[in-house]
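**Student:** So that you can map any letter, position 292 of the sequence shown is 292 in full-length UniProt numbering, and since no number is skipped, the others follow by simple counting. A virtual CB, placed ideally from N, CA and C, is assigned to each residue, including glycine. Have a look at the structure that comes next, please.
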Amino acid sequence: MKIINATLRKTPGLHTVMCEGEHISAITLQSAHVPPQAGDIDAQGQLLIAPFVEPHIHLDAALTAGQPEWNLSGTLFEGIERWAQRKETITHEDTKQRAHTTLRMLAEHGIQHVRTHVDVTDPTLAALRAMIEVREETRHLINLQIVAFPQEDIESYAGGRELMTLAVELGADVVGGIPHFENTREQGVSSIKFLMDLAERTGCLVDVHCDETDDPHSRFLEVLAEEARVRGMGSRVTASHTTAMGSYDNAYCSKLFRLLKASGINFVSCPTESIHLQGRFDTFPKRRGVTRVAELDRAGMNVCFGQDSIKDPWYPLGNGNILRVLDAGLHICHMMGFEDLARSLDLVTDNSARTLDLGERYGIAVGRPANMLVLDAESDYEAVRRQAKARVSIRGGKVLMTRVPERVEFS
Ligand SMILES: [Zn+2]
1 MKIINATLRK TPGLHTVMCE GEHISAITLQ SAHVPPQAGD IDAQGQLLIA PFVEPHIHLD
61 AALTAGQPEW NLSGTLFEGI ERWAQRKETI THEDTKQRAH TTLRMLAEHG IQHVRTHVDV
121 TDPTLAALRA MIEVREETRH LINLQIVAFP QEDIESYAGG RELMTLAVEL GADVVGGIPH
181 FENTREQGVS SIKFLMDLAE RTGCLVDVHC DETDDPHSRF LEVLAEEARV RGMGSRVTAS
241 HTTAMGSYDN AYCSKLFRLL KASGINFVSC PTESIHLQGR FDTFPKRRGV TRVAELDRAG
301 MNVCFGQDSI KDPWYPLGNG NILRVLDAGL HICHMMGFED LARSLDLVTD NSARTLDLGE
361 RYGIAVGRPA NMLVLDAESD YEAVRRQAKA RVSIRGGKVL MTRVPERVEF S
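So, in structure tokens, the structure goes:
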């Protein structure tokens, strides 16, 4: 396979990218635009990028909004009530079918790597067992990382530790947590020590729902970062949400940033979900309830954007398009300066790949897997401004999907 007339991010000129088998075999700079031969994919000067990444989603709850009742207040708390109703009717096939449908929506938007959290506070681990099957059945579309996510806590839930351990034995790739939701601060701290031990022992990655609250006293991020620093595990550890950081005062945050940087951990922000669910205890002025994305980025730390939910009891919208979340996130996080816009795809590609610890399994470089997208835009700026779609998605050196651009005709 050969892709010609491709613009690569952060590299001037047009390029030809050759694939052999499932890998990229050569990348050459063209001296001029070249005419396509039979079988070539002509990027027509548009961006050829590594696939989009979805670093934080809950596939086990996706597509359940309104079943049996809608969340009328839109709050997290009514979401939990609606989810409890829906949970009663969940079956193995139902979980699998919704996960398959959602993954196809993500793949349609050029996403080829997904990290899903799956609730393991269920003595039968039904959703986890279903998702492990889905991981195998969708390998042609995407690479799926499964997080053992203790929605109802580790220490405050009966048998929580055993369920987390069993989830990893069954095949979860990533150890999760929710320390701010545990009954006491001590249980939150102890849950982090437990989950870090489990990850260190088993070689799993770590991704913790950390301080997903507007409570400025929720300070589990420092505990997670210090555990990661001391164990030298930072690059394998992710703190998701950290929305309390949006409410920390600057004096504490400046000390915290020193530790965060030393720890080398990754951050995921889900700006559409957080702006919707946080700030609910405020009248006015109302906080945004989002972590300090621009500040983490400026300090040289790795931060990326995720969707979190698609049409579930907590968040009724979403369609798989990560550029929609990028657009909203850039607004919400005050990142609309041109330098931010001109490298904005970092937040949904390279930074997310680093969070997922994909290493040399990701990126447009010789020897790496031939997974790529031709985007309907020539730059990061135009991609986000026009909400560009993937024209061609290539996976394992083969065309996975093509899209016919829509045409508008005025009469
Ligand atoms: Zn989440």
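Nearest-angstrom Cα distance between Asn266 and Pro35?
**Tutor:** Each residue's Cα considered, the two are about 43 angstroms apart.
**Student:** Quick one, are the C-beta atoms of Asp207 and Val168 less than 7 angstroms apart?
**Tutor:** No; because the gap between Cβ atoms is not below 7 angstroms, this pair is not in contact.
**Student:** I need the boundaries of the beta strand (DSSP E) containing Asp207, first residue and last residue.
**Tutor:** Start and end: 205-210.
**Student:** Within a Cβ cutoff of 7 angstroms, which residues of the same chain sit near Phe181, ignoring the five residues on either side of it in sequence?
**Tutor:** Within the same chain, Phe181 has close Cβ partners Asp153.
**Student:** For Ile332 versus Val290, is the C-beta distance shorter than 7 angstroms?
**Tutor:** For Ile332 and Val290, yes; Cβs fall inside 7 angstroms.
**Student:** Just checking my contact of Pro55 with Ser352 at CB under 8 angstroms: how many whole Å lie between their CB atoms?
**Tutor:** Pro55 to Ser352, Cβ: 4 angstroms. Contact.
**Student:** With a CB to CB cut of under 6 angstroms and the five nearest residues on each side skipped, what residues in its chain are close to Arg292?
**Tutor:** Correct list, in chain order: Met245.
**Student:** Would you please state the rounded distance, in angstroms, between the beta carbons of Asp380 and Arg391? I believe it to be under 8 angstroms.
**Tutor:** Going by Cβ atoms, the distance from Asp380 to Arg391 rounds to 16 angstroms, so no, they are not a contact pair.
**Student:** Closer than 6 angstroms: is that where the CB of Asp308 sits relative to any heavy atom of ligand 1?
**Tutor:** Yes, Cβ of Asp308 sits closer than 6 angstroms to a heavy atom of ligand 1.
**Student:** Taking just the CA atoms, how far does Gly306 sit from Ser393?
**Tutor:** Approximately 20 angstroms, taken between the alpha carbons.
**Student:** Is the beta carbon of Lys2 less than 7 angstroms from the beta carbon of Asp40?
**Tutor:** Cβ distance < 7 angstroms, so Lys2 and Asp40 count as in contact.
**Student:** Taking buried to mean at least 16 other C-beta atoms within 10 Å of its own C-beta, is Thr64 buried or exposed?
**Tutor:** When all chains shown are included, Thr64 counts as buried.
**Student:** Going by beta carbon distance, what residues of the same chain come within less than 7 angstroms of Ala26, once the five residues before and after it are set aside?
**Tutor:** Met18, Val366.
**Student:** Exposed or buried, what is Trp314 when buried is set at 16 or more other beta-carbons lying within 10 Å of its beta-carbon?
**Tutor:** Trp314 should be labelled buried.
**Student:** So what does DSSP say about Asp122, is it helix, strand or coil?
**Tutor:** In this structure, Asp122 counts as coil in the three-state DSSP scheme.
**Student:** Determine the direct distance from the alpha carbon of Gln67 to that of Met335, and round the result to whole angstroms.
**Tutor:** Met335 and Gln67: Cα-Cα distance of roughly 36 angstroms.
**Student:** Give me, in chain order, the residues of the same chain whose beta-carbon lies closer than 7 angstroms to that of Arg288; leave out the 5 immediate sequence neighbours on both sides.
**Tutor:** Closer than 7 angstroms at Cβ, skipping near neighbours: Gly246, Ile275, Gly279, Ile332.
**Student:** Take the Cβ of Thr91 as the centre, count every other Cβ of all protein chains shown within 10 Å, and call the residue buried at 16 or more, exposed below.
**Tutor:** By the 10 Å Cβ count, Thr91 comes out exposed.
**Student:** Looking only at its chain, what residues have a beta carbon closer than 6 angstroms to the beta carbon of Leu373, apart from the 5 residues adjacent to it on each side?
**Tutor:** Here the set comprises Ile49, Pro51, Gly110, Ala390, Ser393.
**Student:** As an exercise, report each continuous beta strand (DSSP E) stretch of at least 3 residues that is fully enclosed by the region 285-354, in chain order.
**Tutor:** Qualifying beta strand (DSSP E) stretches, in chain order: 302-305.
**Student:** Helix or strand or just coil, what does DSSP make of Phe267?
**Tutor:** The answer is strand: DSSP assigns Phe267 an E or B state.
**Student:** With Asp211 and Val118 assumed to form a contact (beta carbons below 8 angstroms), what rounded beta-carbon distance in angstroms separates them?
**Tutor:** Asp211 to Val118, Cβ: 21 angstroms. No contact.
**Student:** Going straight from the alpha carbon of Arg129 to that of Leu170, what length do you get?
**Tutor:** Their backbone Cα atoms lie some 8 angstroms apart in a straight line.
**Student:** From Ile132 to Glu88, what does the alpha carbon distance come to, in whole angstroms?
**Tutor:** Looking at the two C-alpha atoms, the distance is approximately 21 angstroms.
**Student:** If contacts are defined as beta-carbon pairs under 8 angstroms, then Phe220 and Pro179 qualify, I think. What distance do you get, rounded to the angstrom?
**Tutor:** About 4 angstroms; that satisfies the 8 angstroms criterion.
**Student:** Over what stretch of residues does the beta strand (DSSP E) that includes Thr91 continue unbroken?
**Tutor:** No beta strand (DSSP E) contains Thr91, which DSSP labels as neither H nor E.
**Student:** Residue range of the beta strand (DSSP E) that Glu20 falls in?
**Tutor:** Note, Glu20: beta strand (DSSP E), 14-20.
**Student:** Go ahead and pull the three-state DSSP assignment for Leu63.
**Tutor:** Coil, per DSSP.
**Student:** Can you tell which of Asn183, Ser191, Asp297, Thr75 has its C-alpha closest to the C-alpha of Gly176?
**Tutor:** Of Asn183, Ser191, Asp297, Thr75, the residue nearest in Cα terms is Ser191.
**Student:** Using beta-carbon positions only, say whether Ala228 and Leu260 come within less than 7 angstroms of one another.
**Tutor:** Cβ distance not < 7 angstroms, so Ala228 and Leu260 don't count as in contact.
**Student:** Exposed or buried, His217, counting other C-beta atoms within 10 Å across all chains shown (16 or more means buried)?
**Tutor:** Burial call: exposed.
**Student:** Find the nearest neighbour of Leu277 within the set Thr75, Ala262, Arg9, His58, judged by alpha-carbon distance.
**Tutor:** When each option's Cα is compared against that of Leu277, the closest is Thr75.
**Student:** So Thr116 packs on His209, CB below 8 angstroms; how close in whole Å?
**Tutor:** With a Cβ gap of about 13 angstroms, Thr116 and His209 do not count as contacting.
**Student:** From Ser309 to Ala62, what distance separates their C-alpha atoms?
**Tutor:** Ser309 and Ala62: Cα-Cα distance of roughly 6 angstroms.
**Student:** Just to confirm, are Glu378 and Thr121 a CB contact at a threshold of 7 angstroms?
**Tutor:** No; because the gap between Cβ atoms is not below 7 angstroms, this pair is not in contact.
**Student:** Please report the Cβ distance between Asp357 and Ser235, rounded to the nearest whole angstrom; I am assuming they are in contact, meaning their Cβ atoms lie under 8 angstroms.
**Tutor:** Right, the Cβ-Cβ distance comes to about 7 angstroms (below 8 angstroms), so this counts as a contact.
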